[in-house]
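Student: The structure that follows is given in the form of structure tokens.
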Amino acid sequence: MRRLHQGTQGAVHLVLGVVASRIKSPRFIRYCPGCVTAQREQYGEYFWLREWQVAGVESCPEHGMLKDTQIARPLIERHRFIAAAPEYCHFIKQQKGMRNSDWVATQVRQLLARPTQVSPSLEQWAAYYRNLACRLCLSRGKAQIDHASIRDRVLMAWPATWLTRNRLMPRSSFADESDWLKAIFRKHRKSFNYLQHIVVHQALLGRHWRIDDVLNEVSRTPICEKSSQVQVAIQKSSSQTPDQEVWRELLSSHPPQKARKTASALYARLYRNHRDWLLDINYRHAEGKTNTNVPRIDWDKRDREYLQALRQLATFLKANEQGPRRSKTCYLRLLGNFSTLEKNLHQMPRTSAFLAVNSESISQYQIRRLQNAYAELRNLFESPPRWRLLRNAGLSEERMTGPARQYLEVLVCRSTEYEVKRGRK
Numbered sequence: 001m002r003r004l005h006q007g008t009q010g011a012v013h014l015v016l017g018v019v020a021s022r023i024k025s026p027r028f029i030r031y032c033p034g035c036v037t038a039q040r041e042q043y044g045e046y047f048w049l050r051e052w053q054v055a056g057v058e059s060c061p062e063h064g065m066l067k068d069t070q071i072a073r074p075l076i077e078r079h080r081f082i083a084a085a086p087e088y089c090h091f092i093k094q095q096k097g098m099r100n101s102d103w104v105a106t107q108v109r110q111l112l113a114r115p116t117q118v119s120p121s122l123e124q125w126a127a128y129y130r131n132l133a134c135r136l137c138l139s140r141g142k143a144q145i146d147h148a149s150i151r152d153r154v155l156m157a158w159p160a161t162w163l164t165r166n167r168l169m170p171r172s173s174f175a176d177e178s179d180w181l182k183a184i185f186r187k188h189r190k191s192f193n194y195l196q197h198i199v200v201h202q203a204l205l206g207r208h209w210r211i212d213d214v215l216n217e218v219s220r221t222p223i224c225e226k227s228s229q230v231q232v233a234i235q236k237s238s239s240q241t242p243d244q245e246v247w248r249e250l251l252s253s254h255p256p257q258k259a260r261k262t263a264s265a266l267y268a269r270l271y272r273n274h275r276d277w278l279l280d281i282n283y284r285h286a287e288g289k290t291n292t293n294v295p296r297i298d299w300d301k302r303d304r305e306y307l308q309a310l311r312q313l314a315t316f317l318k319a320n321e322q323g324p325r326r327s328k329t330c331y332l333r334l335l336g337n338f339s340t341l342e343k344n345l346h347q348m349p350r351t352s353a354f355l356a357v358n359s360e361s362i363s364q365y366q367i368r369r370l371q372n373a374y375a376e377l378r379n380l381f382e383s384p385p386r387w388r389l390l391r392n393a394g395l396s397e398e399r400m401t402g403p404a405r406q407y408l409e410v411l412v413c414r415s416t417e418y419e420v421k422r423g424r425k
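Quick note: the sequence shown, position 198, residue 198 per UniProt numbering, numbers continuous.
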């Protein structure tokens, strides 16, 4: 909430995972006719409830199915406040609510009423779900989780149509490692959304559970501290075993790879009992070790080839004013072999010089976006306003650089002068 008040230009939604979440927001603002009627009788006016707009909540537990308004999401004018009013919230008969939606609504109300607190860690969530499976006899021993039984319980408790509609249908193949239902009972490497937690707990615990109690239990779950590894120094013996002597004699007449094929059993014993010694002596007797400093790649030839490819690529990109920022990284990725190129740019002076001259800075990229926005809006407006230029260019006052701001002022002045000349005529 603090980030929203500070004005982070949508960064809070990125941090919360809204953009990448499998849960998609409802297409229209929703309301409950029964609740709206009660609001009018009690308060004399209407207001939106947050629980109506939560994905997965499709009905009101007290009155029935929610209804869509004509207000689409997301709004084109997203900063405009639209109050709940009779022209949007019509009094129509509601259908009977769905049991599974009522389950979700009951838990969502608890989540919305919870005070701000520190979220449990991923380690605590992983330990909690492991303990939950053991407590419900859904594990084989201490390590293996009975994923098949868990999946059967989820499919028995929740309708397949509802799971599919909310993108929560478990994978049919048990070998599929990307299944979210399997991942939630394993080591947590990412957060899971509220619907996934509700689906699992409702299927395993039935009606008698509260998400408040679950969150409190997870917060109290202790984290097992990792035991520090003890480094044991192994003293090397000056005397060598008969196997080591035989291997040394073999290396005097054969390279390591051929010696390994000749005496595979001897190699296996040495690898098992004297691995460090074996790897060290093999490295010292390896063939062609003296030629490691000889360059294997003609970097001058490769430099010329990449320079020619970059020139063709730059010509193609300049023909299209749209597209992402033409940074050095962008050019290298389009060429392919990004990692190799980036590590060896110091050996290709022509390529490095081309990238230094032709790479697009952040200011240049923002100016190009403003140019594209101005050209696009001139088809709709004779003098595009400043706020529309910013919106179409995908920029904000906070992120705009100095040169881009100056260029924007030039465009605004150009539009103003055009309006003045038009008024005189």
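Glycine included, each C-beta is placed from N, C-alpha and C at the ideal position.
Restricting to Cα atoms, I'd like to know which of Tyr365, Leu136, Thr69, Asn392 is closest to Arg378.
Tutor: Locating residue 378 in the sequence shown gives position 378, counting from the first residue. Comparing Cα-Cα distances from Arg378 to each of Tyr365, Leu136, Thr69, Asn392, the minimum goes to Asn392.
Student: Among Val36, Arg140, Cys60, which residue has its Cα nearest to the Cα of Ala83?
Tutor: Start at 1 with the first residue of the sequence shown, and residue 83 comes out as number 83. Ranking the options by Cα distance to Ala83, first place goes to Val36.
Student: What are the uninterrupted segments assigned as beta strand (DSSP E) that are 3 or more residues long and contained completely in the region 57-127, given in chain order?
Tutor: Complete beta strand (DSSP E) runs here, min 3: 67-72.
Student: Counting along the chain, where does the beta strand (DSSP E) carrying Ile29 start and finish?
Tutor: Residue mapping note: residue 29 aligns to position 29 of the sequence shown, counting from 1. Counting along the chain, the beta strand (DSSP E) containing Ile29 begins and ends at 28-31.
Student: Which of helix, strand or coil does DSSP assign to Val232?
Tutor: Locating residue 232 in the sequence shown gives position 232, counting from the first residue. With a pLDDT of 44 at Val232, under the threshold of 50, the predicted position of this residue should be treated as unreliable, though the coordinate-derived value follows. Coil, per DSSP.
Student: Does chain C have any CB closer than 7 Å to the CB of Pro385?
Tutor: Considering every chain present, this structure includes no chain C. It has just one protein chain.
Student: With DSSP run on the structure shown, which of helix, strand or coil describes Gln364?
Tutor: What you label residue 364 is simply residue 364 of the sequence shown in a count that begins at 1. Note: Gln364 maps to helix in three-state DSSP.
Student: Any idea which residues DSSP pairs Arg140 with across the strands?
Tutor: Numbered from 1 along the sequence shown, position 140 holds the residue referred to as residue 140. Answer by DSSP bridge pairing, in chain order: Gln144.
Student: Under 7 Å between the Cβ atoms of Arg22 and Arg167?
Tutor: For this step, residue 22 is matched to residue 22 along the sequence shown. For this step, residue 167 is matched to residue 167 along the sequence shown. Contact: yes.
Student: Comparing the CB of Asn100 with every heavy atom of the ligand GTP, is any distance shorter than 6 Å?
Tutor: With respect to the ligand GTP, the structure offers nothing, as it holds no ligand at all.
Student: Going by the beta-carbon positions, is the gap between Ala113 and Val57 smaller than 7 Å?
Tutor: Against the sequence shown, residue 113 aligns to sequence position 113. Against the sequence shown, residue 57 aligns to sequence position 57. No.
Student: Take Arg302 as the anchor and find which of Phe316, Arg369, Leu279, Leu335 has the nearest alpha-carbon.
Tutor: On the sequence shown, residue 302 is found 302 positions in, with the first residue counted as 1. Among Phe316, Arg369, Leu279, Leu335, the Cα nearest to that of Arg302 is on Leu335.
Student: So the alpha helix (DSSP H) Pro256 belongs to, where does it begin and stop?
Tutor: Counting from 1 along the sequence shown, the entry for residue 256 is found at position 256. Its alpha helix (DSSP H) spans residues 256-262.
Student: Mind checking whether Arg186 and Pro170 have CB atoms under 7 Å apart?
Tutor: As a position in the sequence shown, residue 186 is number 186, starting the count at 1. As a position in the sequence shown, residue 170 is number 170, starting the count at 1. Cβ atoms of Arg186 and Pro170: not closer than 7 Å.
Student: Which stretch, first to last residue, makes up the alpha helix (DSSP H) that contains Glu382?
Tutor: The residue given as residue 382 occupies position 382 in the sequence shown. Premise fails: Glu382 is in no alpha helix (DSSP H) and is neither H nor E.
Student: Secondary structure at Met156, three-state DSSP: helix, strand or coil?
Tutor: Along the sequence shown, one-based indexing puts residue 156 at 156. Note: Met156 maps to helix in three-state DSSP.
Student: Given a threshold of 16 other Cβ atoms within 10 Å of its Cβ, counted over all protein chains shown, does Phe81 qualify as buried or as exposed?
Tutor: What you label residue 81 is simply residue 81 of the sequence shown in a count that begins at 1. Burial call: exposed.
Student: With a floor of 4 residues, list each alpha helix (DSSP H) that falls wholly inside the region 314-372, ordered by position along the chain.
Tutor: For the region 314-372, whole alpha helix (DSSP H) runs of length 4 or above, ordered along the chain, are 328-335, 338-343, 349-358.
Student: Classify Gln42: buried if its beta carbon has 16 or more other beta carbons within 10 angstroms, exposed otherwise.
Tutor: As a first step, residue 42 must be located in the sequence shown, where it is residue number 42. Result: exposed.
Student: Touch check for the region 365-383 and the region 395-412: three-plus C-beta pairs under 8 Å?
Tutor: A contact exists between the region 365-383 and the region 395-412.
Student: Can you give the Cα-Cα distance for Pro341 and Asp179, rounded to whole angstroms?
Tutor: As a working mapping, residue 341 is identified with position 341 in the sequence shown. As a working mapping, residue 179 is identified with position 179 in the sequence shown. It should be noted that the sequence gives Leu, not Pro, for residue 341. Spanning the two alpha carbons is a distance of roughly 36 Å.
Student: I'd like the list of long-range same chain contacts for Val232, defined as Cβ closer than 6 Å, with 5 residues on each side in sequence excluded.
Tutor: Numbered from 1 along the sequence shown, position 232 holds the residue referred to as residue 232. Only weak support exists for where Val232 lies, its pLDDT of 44 falling under 50; the value from the coordinates is given anyway. Nothing meets the Cβ criterion.
Student: With Gln196 as the anchor, note down where its alpha helix (DSSP H) starts and where it stops.
Tutor: Within the sequence shown, numbered from 1, the residue matching residue 196 stands at position 196. Taken as a continuous stretch (DSSP letters only), the alpha helix (DSSP H) holding Gln196 covers 194-205.
Student: Does Ile234 pass the burial test, meaning 16 or more other C-beta atoms within 10 Å, or should it be called exposed?
Tutor: The residue you call residue 234 lines up with position 234 of the sequence shown. Only weak support is given to the placement of Ile234: the predicted model assigns it a pLDDT of 45, under 50, and the question is left unresolved by the model.
Student: Considering Cα atoms alone, identify which of His274, Gln196, His188 is closest to Thr241.
Tutor: Counting from 1 along the sequence shown, the entry for residue 241 is found at position 241. Closest by alpha carbon: His274.
Student: How would you label Val230, buried or exposed, when you count the other beta carbons within 10 angstroms and need 16 or more for buried?
Tutor: As a first step, residue 230 is located in the sequence shown; it is residue number 230 there, counting from the start. Note that Val230 scores 49 on pLDDT, short of 50, meaning its location in the model is unreliable and no value can be drawn from it.
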